[in-house]
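Read top to bottom, the protein sequences are chains B, Y, U, P, G and F.
Residues in the first sequence are numbered consecutively from 1, following full-length UniProt numbering.
Residues in the second sequence are numbered consecutively from 1, following full-length UniProt numbering.
Residues in the third sequence are numbered consecutively from 1, following full-length UniProt numbering.
Residues in the fourth sequence are numbered consecutively from 1, following full-length UniProt numbering.
Residues in the fifth sequence are numbered consecutively from 1, following full-length UniProt numbering.
Residues in the sixth sequence are numbered consecutively from 1, following full-length UniProt numbering.
A virtual CB, placed ideally from N, CA and C, is assigned to each residue, including glycine.
To start, the structure under review is shown below, and the notes come after it.
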Amino acid sequence: MSVAEFFDMGGYALYVWGSFGMTALLMGIEPFLVRGRRQVVIKRVARILRMNTEGKR
Amino acid sequence: MSNRLINWFKFASPATFYPLAEKIWRWSTLIAVVLIAVGLYMSFFVAPTDYKQGEGYRIIFVHVPAAWLSMFIYLVMAFWSVVGLVYNTRLSAMMTSALAPTGAIFTFIALWTGAFWGKPMWGTWWVWDARLTSELILLFLYLGFIALQGAIDDTRRADRAGALLVLVGVVNIPIIHYSVKWWNTLHQGASVSVSSGSSMSSIMLWTMLIMALGFWAYSIAMAMARVRCIILERERDTTWVSELPEVRQ
Amino acid sequence: MLEVVDLECARGDRQLFSGLCFTLEPGELLHLHGHNGSGKTTLMRTLCGLIRPSAGEIRWGGESITEVEDDFCRDLVYVGHKNGIKDDLNGVENLRIACVLDGVPISEAAAWEALERIGLRGHEDLPARVLSQGQKRRVSLARLLAHKARLWILDEPFTALDKAAVEFLQSVVREHVANGGMVILTTHQEVSLTRGQVKQLQLGWKGEGDV
Amino acid sequence: MLEVVDLECARGDRQLFSGLCFTLEPGELLHLHGHNGSGKTTLMRTLCGLIRPSAGEIRWGGESITEVEDDFCRDLVYVGHKNGIKDDLNGVENLRIACVLDGVPISEAAAWEALERIGLRGHEDLPARVLSQGQKRRVSLARLLAHKARLWILDEPFTALDKAAVEFLQSVVREHVANGGMVILTTHQEVSLTRGQVKQLQLGWKGEGDV
Amino acid sequence: MFEAFRAILMRDLTLALRRRSDIFTTLFFFVIVVSLFPLGIGPELEILRMIAPGVFWVAALLASMLALERLFSIDFDDGALEQMLLAPQPMFILVLGKVLAHWLITGLPLVVMAPLLGVQYDLSTTALSVLLVTLLMGTPALSLIGAIGAALTLGLRGGGIMVSLLVLPLCIPVLIFGAGAVEASVSGLGEAGHLYMLAAILVLSVLFAPLATSAALRISAE
Amino acid sequence: MFEAFRAILMRDLTLALRRRSDIFTTLFFFVIVVSLFPLGIGPELEILRMIAPGVFWVAALLASMLALERLFSIDFDDGALEQMLLAPQPMFILVLGKVLAHWLITGLPLVVMAPLLGVQYDLSTTALSVLLVTLLMGTPALSLIGAIGAALTLGLRGGGIMVSLLVLPLCIPVLIFGAGAVEASVSGLGEAGHLYMLAAILVLSVLFAPLATSAALRISAE
Ligand code: HEM
Ligand SMILES: Nc1ncnc2c1ncn2[C@@H]1O[C@H](COP(=O)(O)OP(=O)(O)OP(=O)(O)O)[C@@H](O)[C@H]1O
Ligand SMILES: Nc1ncnc2c1ncn2[C@@H]1O[C@H](COP(=O)(O)OP(=O)(O)OP(=O)(O)O)[C@@H](O)[C@H]1O
Ligand SMILES: [Mg+2]
Ligand SMILES: [Mg+2]
């Protein structure tokens, strides 16, 4: 089976790759979104922490 | 008995769960990557071409796992909601909200891949058929849950209101599952059932199961990662958070 | 009769009070003190069961109020910051509906009489919309005259009332306590409530000098 | 400065007062008395120009307030039964907008300071929705600190305030009067306002023994 | 218990009669939306007859959605809601009273008007009566389900849109079976199946929606 | 004076952004009403193109009518209105600010969406741009005129219906010229005349409606 044949998917290229593509896209983006959220949270907690320690001094 | 209860409550405390979640996250990420890689290989190179649908049927390997998980995640959310409402544990609500985005994504994937499969098979992207409609409703339920939680400032109220919404929506799950049985629809009937074995070729079945397990591990990984963020957000004033290495540097 | 054990309440991300314990027996009055924002309203709403405490328990006759909810509600009258009356209904209608909801329906004549006693003669059948601030407050307080629940929880009942009405309401409260009722109230005004047993409870010491 | 001539007001089909005359000079405070529903709020709103009197005239600096409306409004702060603050805005935003509308915009820093002085430290940027009753009242009273109009009309300003805040507000009022401001206020509470010239005005004598 | 139910029902009806706006706005809205179509499309009866079920049901859904926001919010603002929560009656009884009043005010007029408006669409008498029956069973279900959403979003930022977002998905089945029944009867297929489903939805929502609503109110009133 | 105008404008926009519901409910409503028609009628482009102007304009009218009731009533209830009346600025400036904010929140999103939705109706680019222009001139006029009605019926029993009754007759000219312009452009006749009339209505209402509204508010606030 040639590469071109493989990508043609027996004439169903749009449908098969459209499905797998969207799936890969979403499942690929999600971890990055979560990582971004984590960084934001950590920054915020660190800021609060700094504020508190400064406030006590 | 009581000993075991105490044990459970120990893990139900965010402080002890936080490090545990990291371990679970690591392992399930690993499992997800391996299983999905194997599953993808099998779905394109091992599984044979279908005699009726040609290559187009390969969509099944993402459609069905995603559809299963969209429902399963909702059930897990409902479980945590009940626990939260009854035992008033803090962690359960955090789990519910950690799961919702992943559930919404899988629901969307199920709809999207279903539509992309329906076009060649039924000749239309969309029909107002019982299963498709109820799956769409599931997406709205997820979105409604996320929006509701976003709109409420008070976390306790957000938790309880969200839990209630999830429980109200849970009627939808059996409807999705049995819709093909209750109404005559365009959609495929159950092809995998516990009792009567399977009507599919076993290699296809295995591929689907491996993909489903991979998606499942992926969901766990995402939920754990997200619940860690939520724990940090909510417990930011406690001492144990201020002693964590990641916030101290 | 009313026991509060280790009560803790938080609003937003702030803890208002914790470890609060007291009991209230028949014939006792509890006077809550505290500066603005110290959590008096929060405490009262928690005692009514409107807010779930973050920890602790409230017992009525020995049992948690979440378990004997209906009985507890039957024994309770709560008058909050909001009057809970409908602008489009007149005083009599408002009072009668409030009483039906409290489980003790009263006749129209009784409603007229209660409103007259609380000083609304001639205003009983005006829609609440046109009443003055103090007159609206009186409509919502008329429930105290119309039927006698055992526990009264009154959140600043004297606001907007003129002196005569404050005097009258105080006598009503005194009488209720003398007859073995229980009252929890808060007010920023000076009032004389010394009949029966008066307990004092202070919320939020630290912030007292807030202004 | 403020002259009231033969004022008459009716609400519904009832005449609340008539033939009311008084003047108020700089450095004077007018304390309105009257039982609930005697027409204090009505009188104050009439003095502000919100209600048209059925007869009589109100003059500001010798001219009818309907003619010098803008000037009069510039000199006036009215705090009514309703706080006039937006539940979805926080204290600072509420105060700044109120000041802009009064024609004397203030800086953000000044707003924070005024709120702090009136005892809202730590609550300045909470949405008014979550504030306690007294805290909401303080937000609306903070206008009195932020800029000084000459005439203050305060309708039961002390409701919902705790003792410290009542004390503080009284000192603010005293100071305003001492500096040549004018104040008209009503309250059912006992307050000590004896600095400068205090006038008393009693509305609705006949019904006083209403309760 | 029945006393309290009746009192709430009568109170809300009285209030509605005194204000009147609520009755008329929904009805007015329904009438306008439904009448617009024939005006816009012109008198091709074939087409009209085809689209009628969808039009009526979508209009009914929108109309009841519009009225929802105010179902509890007034009581919430003036403090009547907390008094209801403190009444020694099961809250769901009071909720049932309020929802019934709400339906009598906003739903019933619409059901009554529907057959009159249906004439514009050249619906047969059978189709009209099926329409009437579906609306009669469907609109109370819409009100009951909508009440859950209204209670959950009480006093929230973004109340209006949230109600629609939460409630629409739950209401879609009602819409589908309602319109489906009329369609089936227009096209001569049996409408019984759809009607049974509608009845089942109505029964389920009478049983469970007031419970969920009162739980939601308790949460929101904190 | 400009300060106060800006302050009111910004305040109402901030409030709307915090609550969000108001923006979305009207927009959502407009989108649903407009999209329903093609779904209901099916894809006969001939018919769709014919009814498009009417549908868009009626939907816009209904949408802005719906939002009117809350224009002043919240300010009235929480006492902000009396403070505005006592501000040393001419009241009509403040009214103008409020109405502008109201239009930006409820009208503008609708105008922006209209061309997108217009594609469903197979409107030509010219027709679409005429539609855009008419909506851009017409919806502010609707808001301005509607404000008078909203102010007059403030705190009245039966507010909602009264607003519609008072305002609809005044709004019908806007509807007629707005829909007329689009129709004229679809059918190739000149739309200029209609546009001039719309512009005239807009100018007149900018000049007089705020004055009338502030007088009405003064009466209602007694
Ligand atoms: C937008 C359209 C579609 C949606 C929303 C959708 C949704 C779903 C859902 C929710 C399931 C899981 C059901 C369960 O486990 O109870 C499912 C399973 C399945 N779907 Fe779809 N689907 C769509 C289109 C299609 C199409 C076009 C096909 C094939 C022609 C298809 C074939 C299958 C198969 C074979 C299963 C597994 C059946 C089972 O084991 O129960 N689906 N789908
Ligand atoms: N969501 C929230 N976020 C932050 N703080 C909150 C929140 N909700 C309530 N609060 C705070 O909790 C306190 C609640 O006060 P509460 O209404 O119980 O006071 P109170 O003692 O009744 O005061 P008052 O005498 O003014 O009536 C206030 O300080 C308020 O600012
Ligand atoms: N439309 C109306 N019909 C009949 N009476 C009315 C109408 N509008 C107002 N009133 C009466 O006019 C009086 C207005 O009182 P106002 O609000 O001025 O009293 P107040 O002195 O401020 O009282 P409070 O101390 O309670 O605030 C009340 O007695 C009220 O019942
Ligand atoms: Mg309070
Ligand atoms: Mg008054």
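At a cut-off of 8 Å between beta carbons, GLU222 of chain G contacts chain Y. Within the model, the alpha-carbon separation for SER192 of chain U versus THR187 of chain P is close to 19 Å. Rounded to the nearest angstrom, the Cβ distance from GLY107 of chain G to SER64 of chain G is 6 Å, consistent with a contact under 8 Å. Contact residues of the stretch 2-15 of chain F toward chain P are GLU3, ALA4, ARG6, ALA7, ILE8, MET10, ARG11, THR14 and LEU15 (C-beta to C-beta distance below 9 Å). With respect to the 8 Å criterion, GLY91 of chain P and ALA149 of chain P are not classified as neighbours on the basis of their beta carbons.
ILE210 of chain Y is not a Cβ neighbour of SER28 of chain Y, given a cutoff of 8 Å.
LEU169 of chain P and LEU81 of chain F have their alpha carbons spaced roughly 25 Å apart. Between the C-alpha atoms of LEU142 of chain F and ARG6 of chain G there is a straight-line separation of about 42 Å. Excluding sequence positions up to five before and after ALA184 of chain F, its CB lies within less than 7 Å of the CB of GLY190, GLU191 and HIS194, all in the same chain and listed in chain order.
Considering only U:LYS163, U:GLY61, U:ILE65 and U:LYS40, the residue with the shortest C-alpha distance to LEU201 of chain U is U:LYS40.
Using a Cβ-Cβ cut-off of 8 Å, ALA212 of chain G counts as an interface residue toward chain Y, since at least one Cβ of chain Y sits closer than that to its own. PHE22 of chain U and VAL183 of chain U have their C-alpha atoms spaced approximately 14 Å apart. If the five residues before and after VAL95 of chain F are omitted, its C-beta is found closer than 6 Å to the C-beta atoms of PRO210, THR213 and SER214, all from its own chain and listed in chain order.
Chain order gives no chain U residues near ASP159 of chain Y, where near means a beta carbon separation below 7 Å; the closest approach is about 11 Å. Burial is judged here by how many other beta carbons sit within 10 angstroms of a residue's own beta carbon; THR207 of chain Y has at least 16 and is buried.
For GLY122 of chain P, the shortest separation between its Cβ and any heavy atom of ligand 3 does not lie below 7 Å. Distances from the alpha-carbon of GLU156 of chain P to those of P:GLY61, P:LYS82 and P:PHE17 put P:LYS82 closest.
Interface criterion not met: the Cβ of LEU7 of chain P is under 8 Å from no Cβ in chain F. For TRP60 of chain P, there is no enclosing alpha helix (DSSP H); the residue is part of the beta strand (DSSP E) that begins and ends at 55-60. The C-beta distance from ARG59 of chain U to CYS99 of chain U rounds to 27 Å, too long to fall under 8 Å, and the pair is not in contact. Counting only Cβ-Cβ distances below 8 Å, PHE32 of chain B has no contacts in chain Y at all, with the closest Cβ about 11 Å away. With contacts defined by Cβ atoms closer than 8 Å, GLY37 of chain U and GLN135 of chain P form a contacting pair. Three or more beta-carbon pairs separated by less than 8 Å link the stretch 218-234 of chain Y to the stretch 21-35 of chain Y, which places the two stretches in contact. In the structure shown, PHE17 of chain P adopts extended strand secondary structure according to DSSP, grouped into three states. Burial of SER70 of chain Y is indicated by the presence of at least 16 other C-beta atoms within 10 angstroms of its C-beta.
DSSP assignment within the stretch 99-129 of chain G yields the following whole alpha helix (DSSP H) runs of 4 residues or more, N-terminal first: 108-118.
Along the stretch 58-77 of chain Y, going in chain order, the ones with a CB nearer than 9 Å to a CB of chain B are ARG58, ILE59, PHE61, VAL62, HIS63 and ALA66. Taking a C-beta cut-off of 8 Å against chain G, the contacting residues of the stretch 120-132 of chain Y are TRP128, listed in chain order. Within chain U, the residues CYS73, LEU101, ASP102 and GLY103 have their CB atoms less than 8 Å from the CB of ALA87 of chain G, given in chain order. Cβ-Cβ separation between VAL130 of chain G and ALA181 of chain G: approximately 6 Å, consistent with a contact (criterion under 8 Å). For ASP155 of chain P, the shortest C-beta to heavy atom distance toward ligand 5 is below 7 Å. Of all residues in the stretch 165-199 of chain P, only ALA165, VAL166, GLU167, PHE168, HIS188, GLN189 and GLU190 come within less than 8 Å of chain U when Cβ atoms are compared, listed by chain position. Put simply, the CB of ALA100 of chain Y is far from chain B, with every gap to its CB atoms at 8 Å or more. If you check the C-beta of GLN15 of chain U against ligand 2, you find no heavy atom less than 7 Å away. Nearest to ALA221 of chain G by alpha-carbon distance, out of G:VAL31, G:LEU152 and G:ILE51, is G:LEU152. Against chain G, the beta carbon of LEU148 of chain Y has neighbours under 9 Å at LEU152, THR153, LEU156, MET162, LEU165 and LEU166, listed in chain order.
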